[in-house]
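Notes for the one structure printed next.
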Amino acid sequence: MSSFATPPPGASASLKPFTVNIADSRVSELHQLVKLSKIDIPTYENQQTDGRFGISRSWLIDAKAAWEKFDWRESEKYINSFPHFSMPVPDAKSGNAEGVFNLHFVALFSKRADAIPIVFLHGWPGSFLEFLPMLELVRGKYSEETLPFHVIVPSLPGFVFSDAPPVDREFGAEDVARIVNAGVKMLGVGEYVVQGGDIGSRIARILAVRYPEVKAAHLNFCMMSPPADLPPSSVTSPAEQTGLTRLAAFTSTGSAYMQEHKTRPATIGLALSSSPLALLAWIGEKFLAWTDIPPALPVILEAVSLYYLTDTFPRSIFTYREAGIADDPAWFIDKPVGFSWFPKEVAPVPRGWVERTGRVVWWREHGRGGHFAALERPEVVWVDVERFVGSVWGK
């Protein structure tokens, strides 16, 4: 199998290979805390299994039992089968004492001189993990010599193996975008395409608007308010009407977590980081509620284990304190925009709305799929991005 681990010729010499290897003490701590964690008494609410009150007690009992047997080292073996790197990005504003911000990413590098760089940006409660099934497909389809793209998946600042935001000053989405762009440039690529969902769509939007190196953007998420000049009657597609019903339900009954992240990030950060089982309840609910077909339990346990073992949760929710930007004219993407629409997304807004936020030249509506699109339907996301890039790059 090709290694895909050779960076482009112009990459900075400071780029280093990275191996995921969580300390034995942390893995042991996780297992002990899961084993000793108490699941509280039954209530009317936590016995409901339809999700309307959140996670069910029965699901958490089963998940706890499975987690006690979960082998993190097996996950590490799979994770490390992909090339990982760490880049010390010079950043005087938000860097560490040495003036750098360490950015982790997974990549499949091509040996083709004309390879097109595509940067895939995850959200919350995601990580690079959600793109690994897609990368598995890509490395099965291509070799290093034939891959037409450099596929780059950063861990956003604040997440897993990238540095945490500074603790003595504010840090937001524009800081994330600045660091990601600087890191991509250090790979020796001049121009690139961005792709993002959830928080990743916000970062992709900022990158596309702020940085001339970004030539196009593909999104699968666009949380926004209804355009004032578009009446409800303008939405005629049954799928889009159903999507707006889903958005209304999410807004009224599924978005409390956003308010907590936004208004009390310190409290929820301290509370959930102290208990892996509490973190599983908080994050596991999202994997169940926001997907078309919920992922297998080991996939959820792997994602939550990674968050716990890297202290990600309290340092990853800072962007929730910022106002949305998709419907702000200042953040209109005046570059080619592609969009993949999935019906079980939490905010499956109509095409007419998305077109108010950018120059949409490519659109695909899918009959299945939800919020974690790359995890749920990796082949669809890859084909969409590949076709979109092929239709706009160099045009």
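Everything in the sequence shown is counted per full-length UniProt numbering, starting at 1 for the first residue and increasing by one. Even for Gly, the Cβ is constructed at its ideal location relative to N, Cα and C.
Beta-carbon proximity list for residue i, same chain, < 7 Å, skipping 5 on both sides
i    : result
E130 : H122, F372, A374, L375
Y211 : N181
F370 : Here the sequence assigns Gly to residue 370, which means Phe is not the residue at that position. Counting only Cβ-Cβ distances below 7 Å, and skipping sequence neighbours, we find W290, T291, D292, F342, K344, E345, E376.
E260 : I268
V209 : W331, I333
Among the options, the one whose alpha carbon lies nearest that of residue i
i    : options                : result
V194 : E260, V119, V361, V151 : V119
F82  : F287, V138, P90, G172  : V138
D292 : R57, R315, N46, G367   : G367
P348 : T242, V167, G394, D40  : T242
W382 : P227, M258, V361, L135 : L135
E68  : P227, L30, I317, M87   : L30
Q47  : S37, W59, W282         : W59
T19  : F161, E191, R364       : F161
N21  : R73, V361, W363, P212  : R73
P350 : S237, S252, D328, G390 : S237
S274 : E260, V27, D328, D311  : D311
E76  : D24, I268, D163, A249  : D24
E145 : I268, A323, F4         : F4
E240 : R57, T253, K344, G158  : K344
L270 : T253, T251, G254, Y308 : Y308
N96  : T6, D384, V167         : V167
P42  : D50, G51, Q32, R57     : R57
Residue i: first and last residue of the uninterrupted beta strand (DSSP E) it sits in
i    : result
A107 : 100-108
G196 : 192-196
V89  : 84-90
A217 : 214-219
Rounded distance between the beta-carbons of residue j and residue i, thought under 8 Å
i    : j    : result
A303 : S155 : No, A303 and S155 are not in contact; Cβ-Cβ is about 13 Å, not under 8 Å.
A11  : G188 : 4 Å
H150 : P9   : Not really, about 12 Å apart at Cβ, beyond 8 Å.
S340 : N220 : 5 Å
V34  : P276 : 5 Å
L15  : M87  : 5 Å
H218 : F388 : 5 Å
D198 : W124 : 6 Å
R169 : K262 : Contact flag wrong, Cβ pair sits at about 19 Å.
H104 : P17  : Actually they do not touch by this definition, with Cβ atoms about 11 Å apart.
S255 : F171 : Actually they do not touch by this definition, with Cβ atoms about 23 Å apart.
D384 : R364 : 5 Å
V153 : V106 : 5 Å
Boundaries of the alpha helix (DSSP H) in which residue i is found, first to last residue
i    : result
L207 : 199-210
I79  : 72-79
R178 : 173-185
Q47  : That residue, Q47, is in no alpha helix (DSSP H); it is neither H nor E in DSSP.
A65  : 57-68
F287 : 276-289
P265 : 265-273
M224 : First-last for M224: undefined, no H or E at that position.
P133 : 132-141
V235 : Careful: V235 lies outside any alpha helix (DSSP H) and carries neither H nor E.
E379 : 378-392
L309 : 297-309
K35  : 24-36
Own chain residues within Cβ distance below 6 Å of residue i, not counting five before or after
i           : result
R202        : A173
A216        : V193, K335, P336, V392
E285        : G54, I55
F70         : L301
P265        : I317
G338        : H218, W362, F388
D163        : F101, N102
residue 401 : This structure cannot settle anything about residue 401, because the visible part of the chain is limited to 1 through 395.
8 Å Cβ shell around residue i - same chain, five flanking residues per side excluded
i    : result
P295 : F287, F372, L375, E376
A326 : S201, R202, R205, C222, M223, M224, T357
G352 : P227, L230, S234, V235
A113 : none
I116 : P148, F149, H150, Y192, V193, V389, W393
D91  : G99, V100, F101, R178, I179, A182
L272 : A278, L279, W282, F313, P314
P298 : A66, F70
Identity of the residues DSSP links to residue i by a beta bridge
i    : result
K344 : G370
E365 : W341
I116 : F149
P154 : F105
D121 : The displayed chain sequence assigns Leu, not Asp, to residue 121. Beta-bridge pairing links L121 to G196.
P8   : None, per the DSSP bridge assignment.
G188 : None; G188 has no bridge partner.
I333 : G358
K16  : S86
Min CB distance residue i to chain B below 7 Å
i    : result
I206 : Looking for chain B here will not work: only one protein chain is present.
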